[in-house]
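Counting in the numbering used here, the sequence shown runs from 1 upward without gaps. Note that the Cβ used here is the ideal one computed from N, Cα and C, for glycine as well. Only a predicted model underlies this, so the values are computations on that prediction, with no experimental measurement involved.
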Amino acid sequence: MNKIGKTVIVNMYYGASELIINRAKELRRNPTKTEEILWSFLKNNSILGLRFRRQHPIKSFIADFYCHKIKLVIEVDGEIHNKYEIREKDDNRNAEMERLGLTLLRFSNFEVENTINTVLQRIYAECEKLLNENKKQ
């Protein structure tokens, strides 16, 4: 359990250290252009009333966007993610998130900047699917 100020966060950060939590705060203050584009569509509960968080700590990682209610992580990847060593790290990160029961969607900067409607359709469809799965449980 992490304490931030006077608020106790239970399970939402999956045991993230204070270092990771502070790094996430820094990243929220300096979003990339592509993160700003996607955030403009995710903020204010605009997709099915779901609350997304930016630069959200999860264990030793920081997710670009996260919805705790449906345990959905959305990542926006720049060109650096095409490098072999970075792809390997991403694969390990994906596997760890899956072990935590999280669903992960990845989009490239190009997709967000040039095909935002397609990106939003995929996000909406995944959110709807996860909400329906939660209702069945």
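Pick from the options: whose alpha carbon is nearest that of residue i?
i    : options              : result
E126 : L50, I58, W39        : L50
S108 : R23, E36, E26, G78   : G78
E96  : I58, N117, I116      : I58
V119 : W39, R23, P31, N45   : W39
M12  : K43, F52, N132       : F52
I62  : K129, L130, P31      : P31
I131 : E98, N94, N114, L72  : First, the amino acid is wrong: residue 131 is Leu here, not Ile. Selected option, being the one with the closest Cα: L72.
G15  : I116, N45, K89, L100 : L100
N45  : H68, K25, A24        : H68
K149 : D90, A24, Y66        : Because the chain is modelled from 1 through 137, residue 149 falls outside the range shown and cannot be assessed.
Could you give the C-beta distance for residue i and residue j, rounded to a whole number, given that I count them as a contact under 8 Å?
i    : j    : result
I74  : L105 : 5 Å
V112 : I37  : 6 Å
I20  : S60  : 6 Å
Under a Cβ-count criterion, where at least 16 other Cβ atoms within 10 Å of its own Cβ denotes burial, should residue i be classed as buried or exposed?
i    : result
T34  : buried
D64  : buried
Q55  : buried
F110 : exposed
L102 : buried
T7   : Model confidence at T7 stands at a pLDDT of 48, short of 50, so the residue's coordinates are unreliable; what they give is reported in the following sentence. Exposed, because fewer than 16 other Cβ atoms sit within 10 Å of the Cβ of T7.
Q137 : exposed
List, from N- to C-terminal side, the beta strand (DSSP E) runs of 3 residues or more that fit wholly inside the region 30-101. Runs found: 53-58, 61-67, 72-77.
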